[in-house]
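Peer 1: Numbering (this note's numbering), first residue to last: 3 to 131.
Each residue gets a CB set at the ideal place from its N, CA and C atoms; glycine is no exception.
Please read through the structure below; I'll follow up with questions.
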Amino acid sequence: MVNRARDWLLQAERDLAQARDSRIQGRHEWACFAAHQAAEKAVKALHLHLGQEAWGHVVAKLLRELPPDISVPDELVDKARFLDNMYIPTHYPNSHPEGAPFEHYGPLQSEEAIQYAGEILGFVRAQMA
Numbered sequence: 003m004v005n006r007a008r009d010w011l012l013q014a015e016r017d018l019a020q021a022r023d024s025r026i027q028g029r030h031e032w033a034c035f036a037a038h039q040a041a042e043k044a045v046k047a048l049h050l051h052l053g054q055e056a057w058g059h060v061v062a063k064l065l066r067e068l069p070p071d072i073s074v075p076d077e078l079v080d081k082a083r084f085l086d087n088m089y090i091p092t093h094y095p096n097s098h099p100e101g102a103p104f105e106h107y108g109p110l111q112s113e114e115a116i117q118y119a120g121e122i123l124g125f126v127r128a129q130m131a
């Protein structure tokens with residue numbers, strides 16, 4: 003079977019670029035969602051690189067499920083938890099008590115989400131090198 007880790011990492015990079023583009027356009031809810039997607043796909047790429055499959059959308063859990071010889075900093079897991087909160091509420095109108103998702107996200111959230119996703123991608127790149 004062909005190892006698709008590189009494909010997943012390339013898509014993660016593209017998702018992060020989309021997050022940056024969405025932020026520039028003022029679509030902060032999409033920037034946050036794309037940042038989460040970038041982090042999720044990057045960690046799944048690392049799992050594939052290591053010869054294992056990973057399922058689910060919780061980035062913190064995906065990081066914790068890496069083999070014990072991969073030392074994942076606690077701070078990185080905390081940043082993944084922040085991103086995990088961007089998965090559903092950024093694009094489903096019924097995930098907040100009222101208001102559309104775009105009304106709940108702004109430059110502060112998108113900047114932080116992009117920064118954290120970038121750090122997770124950096125971690126994954128280093129592990130895959």
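#1: Extract the residue ranges of the alpha helix (DSSP H) inside the stretch 16–57, only unbroken runs of 4 or more that lie entirely within it.
#2: Among the candidates 107, 33, 48, 39, whose CA atom is the shortest distance from the CA of residue 131?
#3: Is residue 25 buried or exposed, if buried means 16 or more other CB atoms sit within 10 Å of its CB?
#4: Mapping DSSP to helix, strand and coil, what is residue 90?
#5: Using a threshold of 9 Å, state whether the C-beta atoms of residue 45 and residue 64 are closer than that.
#6: How would you call residue 54, buried or exposed, if buried means at least 16 neighbouring beta carbons within 10 angstroms?
#7: Quick test of your reading: residue 85 and residue 107, contact by CB under 8 Å. State the CB separation rounded to the nearest angstrom.
#8: Sorted by chain position, which residues of the same chain lie with C-beta nearer than 8 Å to residue 41's C-beta, five sequence neighbours on each side aside?
#9: Do you know how far the Cα of residue 37 is from the Cα of residue 69?
#10: For residue 112, which residues in the same chain have their Cβ closer than 6 Å to its Cβ, ignoring the five residues on either side in sequence?
#11: Taking residue 51 and residue 89 to be in contact with their CB atoms under 8 Å, please state how far apart those CB atoms are, rounded to whole angstroms.
#12: Leaving out five residues on either side along the sequence, give the residues of the same chain with a beta carbon under 7 Å from the beta carbon of residue 43.
#13: So, are the CB atoms of residue 93 and residue 103 less than 9 Å apart?
Peer 2: For this structure:
#1: 30–51
#2: The residue given as residue 131 occupies position 129 in the sequence shown. Measuring from the Cα of residue 131, the nearest candidate turns out to be 48.
#3: Within the sequence shown, numbered from 1, the residue matching residue 25 stands at position 23. That one is buried.
#4: Taking the sequence shown and counting its residues from 1, one reaches residue 90 at position 88. Looking at residue 90 - three-state DSSP - the assignment turns out to be coil, as it is neither helix nor strand.
#5: Mapped onto the sequence shown, residue 45 falls at position 43. Mapped onto the sequence shown, residue 64 falls at position 62. Yes, the pair counts as a contact, with Cβ atoms nearer than the cut-off.
#6: Here residue 54 is taken as the residue at index 52 of the sequence shown, counted from 1. Exposed, by the Cβ-count rule.
#7: In the sequence shown, counting from the first residue as 1, residue 85 sits at position 83. In the sequence shown, counting from the first residue as 1, residue 107 sits at position 105. Actually they do not touch by this definition, with Cβ atoms about 13 Å apart.
#8: Residue mapping note: residue 41 aligns to position 39 of the sequence shown, counting from 1. Answer for residue 41: 14, 61, 82, 85, 118, 119, 122, 123, listed in chain order.
#9: As a working note, residue 69 is residue 67 in the sequence shown. As a working note, residue 37 is residue 35 in the sequence shown. The alpha-carbon atoms of residue 69 and residue 37 are separated by roughly 24 Å.
#10: Numbered from 1 along the sequence shown, position 110 holds the residue referred to as residue 112. Result list for residue 112: 25, 30, 33, 34, in chain order.
#11: As a working note, residue 51 is residue 49 in the sequence shown. As a working note, residue 89 is residue 87 in the sequence shown. In fact, because the Cβ distance is near 23 Å, the residues do not count as touching under 8 Å.
#12: Here residue 43 is taken as the residue at index 41 of the sequence shown, counted from 1. Once the five neighbours on either side are set aside, the close Cβ partners of residue 43 are 10, 13, 14, 17.
#13: Here residue 93 is taken as the residue at index 91 of the sequence shown, counted from 1. Here residue 103 is taken as the residue at index 101 of the sequence shown, counted from 1. Yes; because the gap between Cβ atoms is below 9 Å, this pair is in contact.
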